[in-house]
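Numbering (the working numbering), first residue to last: 729 to 1146.
Below, the structure written as C-alpha cells:
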C-alpha cells in the first residue's frame, strides 16, 4: 500500500469516526439524565445542532470541493433523524397517551401542554423534512422524492402515542414493507445508495429497542416482526435477482414460526409432540409458498421444507413416542428417497432411506406396545394410501408420455385404406 492509498484510507477512517461521534452525541438524548434543564430547551438544542450538519456538509462540498466529507455529514444527519422522532414521540405520548409507571426518567420527555407537543412536532417537521429531502438528493438523486417520502412516513410512525405490543407490531411492519419496496424500486448500486435505503430501517430499530427496553413484548410480537423481515428479504431478493438474499429468508421464517408456536403453546397448552410437529407444518407451509413464488430457489425451499419436517419428528421420537411423528418421518423419508433416486443424489437417497426406516421401526414399536388406532391402523391406512398414490402417479406418467410429441412420432401410422 503506497502513501497516497494510506492517506485516503486514513481520511476515510477519520470521516467515519466523526460521523459516529455525531450520532452518538445525539443518541445521548434518548437516555438523557439532565435534571437541571427542561425537556423543551434540551430538544431545541438538539434541533439546532442537527440543523448545523447540512450547513457544514454544504461548506465541505461546495467550498472545499470535498464530496466524501459532505456525504459523511449527510449520512450522520440521516442517523440522527430517528433520535428526533423518538424524542418527539415522547412529547406526544406525555400529552396524548398513557405513560407507564415503570418507565424511568431517562426515557421520558414531557411537553408542557398538548399545544406545545403539537407545535414541537410541527416545528421540527418544518425544519427536518426539507433537510431530509436534500440529504437524499445528495445520496440518491434520481430517487430522492420516494426515499424522502418513505423516510418521513416511517419516522412519523414513531409518534404513535401507544406503547402496546400490538401497536409496536403494526408500526414496525409498514416500515419494513416500505424499506423492501424502496430497495426493490431503487435497486441501489453505490455504497451511498445502499446506506440511504438502509437508513429507512432505523425507525423500526428504535421502536423495537424502545419496546424491549421499556415496555411489554410478546412472542407474537417477535413472530410478526420476523415474519415481515422474511417476506421483505424474499421479495427484495426476487426483485433484485439476488438468490442469496432470497434464500436467507429461510432463517427469519423458521424463527418466526417458532415464536408463533411458542405463543400459541403458552395460551393453549398444546402437548409437546403436537406443538413440535405443528411448528414443522407451519414453517413448511411458509417455505412451500416461497417455493411456489420463486423460480431460481424452488428446489432449495422444497428441500428445506422436507429437511425441517424430517428433523422435527426425529427430535420428537428421541424425546417421546408419537405415532404421528413416526408416520410423518416415514412420509418425508420416502419423499427424500424418491428424489434422490430420480435425481441420482445419493445423499438424499440414503438420508431418505434412513428417515423412513427409523419412522417405520418407531411406528411398529408403538403399535406393538399400545393398542390404539393411531398405531397399527394408521400404519395400515398409510400403506394402502401409498399404494393408491403410486397407482395414480403411474397413470399420470403414462398420460404424459402418450401426450408428448416424441411419443406420437414413435407410434406406427395406421395402414392405408385400399
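Heads up, the beta-carbon is just placed ideally off N, CA and C, and yes, glycines get one too.
Could you say which of 879, 920, 893 lies nearest to residue 906 if we only look at CA atoms?
-> Working through the chain shown from its first residue, we reach residue 906 at position 178. Of the candidates 879, 920, 893, the one whose C-alpha sits nearest the C-alpha of residue 906 is 879.
DSSP three-state call for residue 1123: helix, strand or coil?
-> Here the question's residue 1123 lines up with position 395 in the chain shown. Note: residue 1123 maps to helix in three-state DSSP.
Check residue 950 in the structure and name its three-state DSSP category.
-> On the chain shown, position 222 is the one that residue 950 refers to. Residue 950: helix per DSSP, three-state reduction.
Drop a sphere of 10 angstroms on the beta-carbon of residue 829, count the other beta-carbons inside from all chains shown, and report buried for 16 or more, exposed for fewer.
-> Residue 829 sits at position 101 when you count from the first residue of the chain shown. Note that residue 829 scores a pLDDT of 44, beneath 50, so its modelled location is shaky and nothing firm can be said.
Could you give the DSSP three-state label for residue 873: helix, strand or coil?
-> Your numbering for residue 873 matches position 145 in the chain shown. In this structure, DSSP gives residue 873 a helical state, which the three-state scheme calls helix.
Would you decide whether residue 894 is buried or exposed? Buried here means 16 or more other CB atoms lie within 10 Å of its CB.
-> Here residue 894 refers to the residue found at position 166 of the chain shown. Classification for residue 894: exposed.
With a floor of 4 residues, list each alpha helix (DSSP H) that falls wholly inside the stretch 1032 to 1070, ordered by position along the chain.
-> Counting only runs of 4 or more, we get 1051 to 1070.
Between which two residues does the alpha helix (DSSP H) harbouring residue 900 extend?
-> Position 172 of the chain shown, counting from 1, holds the residue named residue 900. From DSSP, the alpha helix (DSSP H) with residue 900 extends over 893 to 914.
From which residue to which residue does the alpha helix (DSSP H) around residue 934 run?
-> One-based indexing of the chain shown puts residue 934 at position 206. Residues 930 to 942.
How many Å lie between residue 959 and residue 1096 at the Cα?
-> To locate residue 959, count along the chain shown from 1; it is residue 231. To locate residue 1096, count along the chain shown from 1; it is residue 368. Rounded to the nearest angstrom, the two C-alpha atoms are 45 Å apart.
Identify whether residue 960 lies in helix, strand or coil by the three-state DSSP scheme.
-> Along the chain shown, read from residue 1 onward, the residue named residue 960 stands at position 232. Residue state, collapsed to three classes: helix.
Take every Cβ of the stretch 928 to 945, pair it with every Cβ of the stretch 972 to 980, and state whether three or more of those distances are shorter than 8 Å.
-> Contact between the stretch 928 to 945 and the stretch 972 to 980 is absent, because fewer than three Cβ pairs lie under 8 Å.
In the structure shown, what three-state DSSP assignment does residue 1009 receive?
-> Residue numbering aside, residue 1009 sits at position 281 when the chain shown is read from its first letter. DSSP places residue 1009 within a helical segment (H, G or I) once states are collapsed to three.
Excluding the 5 residues preceding and the 5 following residue 980 in the sequence, name in chain order all residues of the same chain whose CB lies nearer than 6 Å to its CB.
-> The residue you call residue 980 lines up with position 252 of the chain shown. Only residues of its own chain outside the window of five on either side were considered, and among them 954, 957, 958 have a CB closer than 6 Å to the CB of residue 980, listed in chain order.
Which stretch, first to last residue, makes up the alpha helix (DSSP H) that contains residue 1023?
-> Position 295 of the chain shown, counted from the first residue, corresponds to residue 1023. First-last for residue 1023: undefined, no H or E at that position.
Exposed or buried, residue 1120, counting other C-beta atoms within 10 Å across all chains shown (16 or more means buried)?
-> Numbered from 1 along the chain shown, position 392 holds the residue referred to as residue 1120. Counting other Cβ atoms within 10 Å of its Cβ, residue 1120 stays below 16 and is therefore classed as exposed.
Can you tell me whether residue 1147 is buried or exposed, with buried defined as 16 or more other CB within 10 angstroms of its CB?
-> The question about residue 1147 has no answer here: the residues shown for the chain are numbered 729 through 1146.
C-alpha gap between residue 1070 and residue 1060, whole angstroms = Counting from one through the chain shown, the residue named residue 1070 turns up at place 342. Counting from one through the chain shown, the residue named residue 1060 turns up at place 332. Each residue's Cα considered, the two are about 15 Å apart.
Comparing alpha-carbon positions, which option in 1056, 770, 992, 866 lies nearest residue 918?
-> Counted from its first residue, the chain shown places residue 918 at position 190. Scanning 1056, 770, 992, 866 for the CA closest to the CA of residue 918 turns up 866.
How far does the alpha helix (DSSP H) with residue 846 in it reach, from first residue to last?
-> Taking the chain shown and counting its residues from 1, the one referred to as residue 846 is at position 118. Note, residue 846: alpha helix (DSSP H), 842 to 867.
On a CA-only basis, which of 1089, 1067, 891 is nearest residue 949? Give me that one, please.
-> Taking the first residue of the chain shown as position 1, residue 949 is located at position 221. The residue with the shortest Cα to Cα distance from residue 949 is 891.
In whole angstroms, what separates the C-alpha of residue 912 from that of residue 945?
-> Against the chain shown, residue 912 aligns to sequence position 184. Against the chain shown, residue 945 aligns to sequence position 217. So the alpha carbons of these two residues sit roughly 30 Å apart.
Run of the alpha helix (DSSP H) containing residue 991, from where it starts to where it stops | Along the chain shown, one-based indexing puts residue 991 at 263. It spans 978 to 996 - the alpha helix (DSSP H) in which residue 991 sits, taken as one unbroken run.
In three-state DSSP terms, what is residue 829?
-> Position 101 of the chain shown, counted from the first residue, corresponds to residue 829. A caution first: residue 829 carries a pLDDT of 44, below 50, which makes its placement in the model unreliable, though a value can still be read off. DSSP places residue 829 in the coil class of the three-state scheme, outside both helix and strand.
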